[in-house]
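Structure first, commentary second.
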Amino acid sequence: MPPYAGPPVASRQGDASSPLRLLAYLALAIVLIVLDDQAGWLARLRAQANVLVQPVWALAGLPGRLGTQVKDNAASHGQLVAENRELRNQLLIANARLTRLQTAALDNAQLRELLNVAERSGLDVQLAPILDIDLDPVRQRLVLAAGTRDGVHVGQAVIDAGGLMGQVIATTGNSATVLLLTDPDHAVPVTVARNGVRLIVYGRGDTLELRDIPLSAGVEVGDEIVTSGLGGRFPAGFPVGSITALRPDDTHAFLVGELKPAAQLDRGRDVLLLRPGAAIHVPPNLPLSEAAGGPAAAPATLPASAPPAATPA
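For the sequence shown, position 291 (counting from the first letter as 1) is numbered 1056 according to our numbering, and the numbering increases by one without interruption.
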């Protein structure tokens, strides 16, 4: 033995058996594969193993599922908020359109009523839209979008489908100012339609008032009051209002009556102006709308308003 060679190393027993063990494991694996394929011996074992491993798989996939769910919830919430906002906007638009249609329908109904009055009652009238209103307790006036260029003149009577509204007191080329019956500066000669008693109606800001009613006049609550035609300012027979209350005055020598106006002074968008020289066919003791809706017995034919006269004080 060469001097540089070390002592002989004894071979280990495990080195020789390693290939044998590998072959044994391989053979065992092949046998198990064949038996499982032919008879399914390992199916139950695999099923039990899957049951045992399933919680581990679920736990491992939990963060991913949570992240996906949070992301989906955030997207759904944002989408719902956007859809809610869009639906609210659509609802507001629809409500605005509905309100506009309802207003237009109401305006059309009032306009048809005015035109029916003019057509069926034989009134020579002019339709004028209301431009502005002034219903202050001490000033009851309207501004019409019609003036001298449209043939409007001072003193012209103004009516609606219910009855007398007032008279024109000022004009420009494109507008006219109407003094309403309820203005404190306005007074109208009238008669009680039931018995013909002549009285004067005064404006009270929001109502009408009859003053100096004789105790012997036989005036009652509910009596209809119409224009008398005296003074030449208003044609006779136009409804002015109905008596709602009667009370003694301070001297207890006369009665004072409160009237509800026949005309709708605080409503509508249009009025009718009586043209001069027109033949008026207004049945007494009937609102104009009722007179237009059916035949009237013995209608009175009267001339239209004469040249302007002083308004009775």
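Quick reminder that beta carbons are idealized off the backbone N, C-alpha and C, glycines included.
Checking the sheet assignment: what are the DSSP bridge partners for residue i?
i, result
"L852", "Looking at the DSSP assignment, L852 forms no beta bridge with any residue, so it has no partner."
"Q819", "DSSP lists no partner for Q819."
"S1007", "E989 and K1025"
"T956", "R963 and V991"
"D830", "The sequence as given places Arg at residue 830; Asp does not occur at that position. None; R830 has no bridge partner."
"G968", "L973"
"D948", "For D948, which the question treats as bridged, DSSP gives no partner whatsoever."
"V1036", "A893"
"V908", "D897 and T942"
"P1013", "L1020"
"I978", "L1020"
I need the DSSP call for residue i, collapsed to helix, strand or coil.
i, result
"A1000", "Per the sequence shown, residue 1000 should be read as Pro rather than Ala. In the structure shown, P1000 sits in coil (DSSP, three-state: anything other than H, G, I, E or B)."
"V933", "strand"
"A825", "helix"
"V799", "helix"
"L942", "According to the sequence as given, residue 942 is Thr; it is not Leu. Three-state DSSP puts T942 in a strand."
"P1052", "Any answer about P1052 is weak, because its pLDDT of 48 lies below 50 and its placement is not dependable; what the coordinates show is given next. Coil."
"A1044", "Note that A1044 scores a pLDDT of 42, beneath 50, so its modelled location is shaky; the value from the coordinates is reported in the next line. Here A1044 sits in strand by DSSP."
"D1031", "coil"
"V846", "helix"
"D915", "helix"
"D837", "helix"
"L900", "strand"
"L888", "coil"
"Q921", "coil"
"A789", "helix"
"A859", "helix"
"A808", "helix"
"A926", "coil"
"P1064", "Residue placement at P1064 is poorly supported in this model, since its pLDDT is 33, which falls under 50; the coordinates still yield a value, given next. Three-state result, P1064: coil."
"A1078", "Residue placement at A1078 is flagged as unreliable, the pLDDT there being 34, under the threshold of 50; the coordinate-derived value follows with that caveat. Correct three-state label for A1078: coil."
Mind checking residue i: buried by the 16 CB within 10 Å criterion, or exposed?
i, result
"S1070", "For S1070, the pLDDT reaches just 37, beneath the cut-off of 50, and the residue's location in the model is therefore unreliable, although a value from the coordinates is still provided. Buried, since its Cβ has 16 or more Cβ neighbours within 10 Å."
"I911", "What sits at residue 911 in the sequence shown is Ala, not Ile. With 16 or more Cβ atoms within 10 Å of its Cβ, A911 is classed as buried."
"T956", "buried"
"I1008", "buried"
"S901", "The residue you asked about is not Ser; residue 901 is Asp in the sequence shown. It is exposed - the Cβ of D901 has fewer than 16 other Cβ atoms within 10 Å."
"S841", "exposed"
"V818", "exposed"
"A1057", "Per-residue confidence for A1057 stands at a pLDDT of 40, beneath the threshold of 50, marking its modelled position as unreliable; the derived number appears in the next sentence. Buried, because 16 or more other Cβ atoms sit within 10 Å of the Cβ of A1057."
"Q932", "buried"
"S940", "buried"
"D948", "buried"
"L1038", "buried"
"V903", "exposed"
Does the CB of residue i have a neighbour CB from chain C at under 8 Å?
i, result
"Y790", "Checking the listed chains, one finds no chain C in this structure; it contains a single protein chain."
Open item on the list: Assess contact between the region 895 to 904 and the region 995 to 1010, defined as three or more Cβ pairs (one per stretch) separated by less than 8 Å. Is contact present?
Closed with: no
Open item on the list: Across the region 1017 to 1028 and the region 974 to 981, are there enough close Cβ pairs to call them in contact, namely three or more that are closer than 8 Å?
Closed with: yes
Open item on the list: Below 8 Å, how does it come out for the region 915 to 927 and the region 963 to 978: are there three or more Cβ pairs, yes or no?
Closed with: no
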